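Worksheet for the structure shown next.
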Amino acid sequence: TQKQQTLARFFGSQ
Amino acid sequence: SIKDSVKLCNFNCSQSQGITVQAIDDSRVLLIALKIDAGSFQEFRCDKDLVLGLDLESLSKILKQGNNEEYLTLMAEDSPDNLMAVFEDKKKDRISEFSLKLMDIDSDVLTIDDMETDCTITLPAYEFAKIAKDMKTLSESLKIVVTKDSVKFNAEGQIGTGSVILKPHTDMDKPEESVKIELNSPVALTFGAKYLNDIVKATSLSSTVTIKLTDKSPALFEYKLPSGYLRYYLAPKFDD
Numbered sequence: 001t002q003k004q005q006t007l008a009r010f011f012g013s014q
Numbered sequence: 015s016i017k018d019s020v021k022l023c024n025f026n027c028s029q030s031q032g033i034t035v036q037a038i039d040d041s042r043v044l045l046i047a048l049k050i051d052a053g054s055f056q057e058f059r060c061d062k063d064l065v066l067g068l069d070l071e072s073l074s075k076i077l078k079q080g081n082n083e084e085y086l087t088l089m090a091e092d093s094p095d096n097l098m099a100v101f102e103d104k105k106k107d108r109i110s111e112f113s114l115k116l117m118d119i120d121s122d123v124l125t126i127d128d129m130e131t132d133c134t135i136t137l138p139a140y141e142f143a144k145i146a147k148d149m150k151t152l153s154e155s156l157k158i159v160v161t162k163d164s165v166k167f168n169a170e171g172q173i174g175t176g177s178v179i180l181k182p183h184t185d186m187d188k189p190e191e192s193v194k195i196e197l198n199s200p201v202a203l204t205f206g207a208k209y210l211n212d213i214v215k216a217t218s219l220s221s222t223v224t225i226k227l228t229d230k231s232p233a234l235f236e237y238k239l240p241s242g243y244l245r246y247y248l249a250p251k252f253d254d
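Heads up: the sequence lines are chains A and B, in that order.
Residues 1 to 14, numbered by my numbering, are exactly what the first sequence covers, in order.
Residues 15 to 254, numbered by my numbering, are exactly what the second sequence covers, in order.
So this is what it looks like as C-alpha cells:
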C-alpha cells in the first residue's frame with residue numbers, strides 16, 4: 001500500500 | 015463546493031485581484047485556491063485591501079436565505095467585525111438583510127511554484143465526477159494512468175477491481191464534451207478517493223475540469239469560472 005503524502009512536502013510555507 | 019473540505023477560510027479582497035481564497039484541509043493533503051475576478055460581479059468596489067475570515071458553514075446558512083433569482087450584495091466596512099449580505103428581488107419589493115460575524119483565522123499560506131507538468135487532461139466535469147463517485151465504492155484509492163492514447167482510472171478493492179478508460183476525442187458540436195490529453199511523458203499516480211470526491215463537489219461550477227499531473231507531485235484539478243477559477247491541489251500517494 002502506498003503512503004498518503006502531504007502538501008508541505010512539495011510546497012513551501014510563506 | 016468547498017465547505018466539506020475546509021471550515022474556516024480567509025477571503026482576501028482587493029480592487030485588482032477581486033476575491034481570492036487559499037485554504038488547506040486539516041489533513042494537509044488538499045489545497046483549495048479560489049479566484050473570483052472583480053469582473054465577475056455586476057459591481058465590485060474595494061477601497062482598501064481586506065481579509066474576511068469566514069466560517070463556511072455559517073456563510074452557507076446565510077446564502078441559503080436568498081432565492082436564486084435575487085440580487086445579492088455583500089458589504090464589509092474597513093476593519094470589519096461583520097459581513098453584511100443583502101438579498102433583493104428584481105422589483106425590489108422584498109429585501110432581506112443578514113449580518114455574519116467575521117473571525118480571526120490564523121492560516122498559513124503555501125507557496126505554489128509554477129509546476130512542470132507531465133500531462134494535462136481536459137474532460138467533461140460530470141464525467142470525472144461519475145468516475146470519482148463510482149470508483150470510491152470499490153476502493154479508497156484511485157490510480158490515474160495517462161498515456162498519449164488514453165487516460166485510465168483504476169480502482170482495486172476488497173470486492174474486486176474496476177477501471178474506466180477514456181480516449182481523446184473532439185466533439186465539434188459540443189466542445190465541452192471533448193476529452194483532450196496533452197502529454198510530455200506518461201504518468202501513473204494514485205490519489206485518495208475521499209479527496210477526489212471532495213473535489214468533484216465543484217462539478218456544477220464548470221462544464222469541464224482540467225487535470226494536470228506530474229510524477230510524484232501534487233495534481234492540479236481546475237474548474238474554470240466565468241471570470242476566475244477554483245483549483246484543487248491534491249497530494250498523491252506513493253512509497254517514500
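Idealized CB from N, CA, C, for every residue including glycine.
Predicted, not measured: the structure shown is a model, and the values here were computed from it.
Closest by C-alpha distance to residue i, when choosing among the options
i, options, result
"Q36 (chain B)", "B:D128, B:R245, B:D253 and B:P250", "B:R245"
"V193 (chain B)", "B:V201, B:A202 and B:H183", "B:H183"
"L22 (chain B)", "B:S72, B:D51 and B:S28", "B:S72"
"Q31 (chain B)", "B:I16, B:L64, B:D18 and B:I38", "B:L64"
"K11 (chain B)", "B:V223, B:K49, B:I213 and B:S164", "One cannot answer for residue 11 (chain B) here, as it falls past the ends of chain B, which runs 15 to 254."
"L256 (chain B)", "B:T125, B:Y85 and B:L66", "For chain B, the structure presents residues 15 to 254; residue 256 (chain B) sits outside this window and is missing."
"P10 (chain B)", "B:V201, B:A207, B:Y209 and B:F25", "One cannot answer for residue 10 (chain B) here, as it falls past the ends of chain B, which runs 15 to 254."
"G242 (chain B)", "B:L210, B:D107, B:R42 and B:F55", "B:F55"
"D51 (chain B)", "B:E111, B:D128, B:K226 and B:T34", "B:T34"
"E91 (chain B)", "B:D103, B:L66 and B:Q79", "B:L66"
"D128 (chain B)", "B:M89, B:P200 and B:K226", "B:K226"
"P200 (chain B)", "B:L137, B:S74, B:I76 and B:D132", "B:D132"
"K11 (chain A)", "B:G176, B:V43 and B:S28", "Contrary to the premise, residue 11 (chain A) reads as Phe rather than Lys in this sequence. That would be B:V43, whose Cα lies nearest to the Cα of F11 (chain A)."
"F167 (chain B)", "B:A207, B:K215, B:K104 and B:D187", "B:A207"
"E111 (chain B)", "B:K104, B:T134, B:G53 and B:L86", "B:L86"
Secondary structure of residue i, DSSP reduced to three states
i, result
"V20 (chain B)", "coil"
"G171 (chain B)", "coil"
"M98 (chain B)", "strand"
"M89 (chain B)", "strand"
"S177 (chain B)", "strand"
"E71 (chain B)", "helix"
"L203 (chain B)", "strand"
"L124 (chain B)", "strand"
"T222 (chain B)", "strand"
"R42 (chain B)", "coil"
"K147 (chain B)", "helix"
"N81 (chain B)", "coil"
"P138 (chain B)", "strand"
"R9 (chain A)", "helix"
"L156 (chain B)", "strand"
Listed by chain order, chain A residues near residue i by CB distance under 7 Å
i, result
"I38 (chain B)", "L7"
"S231 (chain B)", "F10"
"L45 (chain B)", "L7"
"R42 (chain B)", "T6, L7 and A8"
"I50 (chain B)", "Those do not exist, as I50 (chain B) stays about 21 Å from chain A at its closest Cβ, beyond 7 Å."
"D212 (chain B)", "Ordered by position in chain A, no residue passes the 7 Å Cβ test against D212 (chain B), which lies about 14 Å from the chain."
Residue j beta carbon less than 8 Å from that of residue i
i, j, result
"D61 (chain B)", "Q2 (chain A)", "no"
"T217 (chain B)", "A169 (chain B)", "no"
"I179 (chain B)", "L152 (chain B)", "no"
"T204 (chain B)", "K251 (chain B)", "yes"
"D39 (chain B)", "S15 (chain B)", "no"
"Q4 (chain A)", "A249 (chain B)", "yes"
"F101 (chain B)", "E84 (chain B)", "yes"
"L137 (chain B)", "V223 (chain B)", "yes"
"F97 (chain B)", "L68 (chain B)", "Looking at the sequence provided, one finds Leu at residue 97 (chain B) rather than Phe. Going by C-beta atoms, L97 (chain B) is nearer than 8 Å to L68 (chain B)."
Chain A contact residues for residue i, given Cβ-Cβ distances below 9 Å
i, result
"G206 (chain B)", "Q4"
"T10 (chain B)", "Absent from the structure is residue 10 (chain B), since the part of chain B shown begins at 15 and ends at 254."
"K251 (chain B)", "T1, Q2, K3, Q4 and Q5"
"Y247 (chain B)", "L7, F10 and F11"
Neighbour list for residue i in chain A, Cβ cutoff strictly below 8 Å
i, result
"D254 (chain B)", "K3"
Three-pair Cβ contact test at 8 Å for the segment 143-157 of chain B versus the segment 118-130 of chain B: no
Cβ contact (3+ pairs, closer than 8 Å) linking the segment 98-115 of chain B and the segment 224-235 of chain B: no
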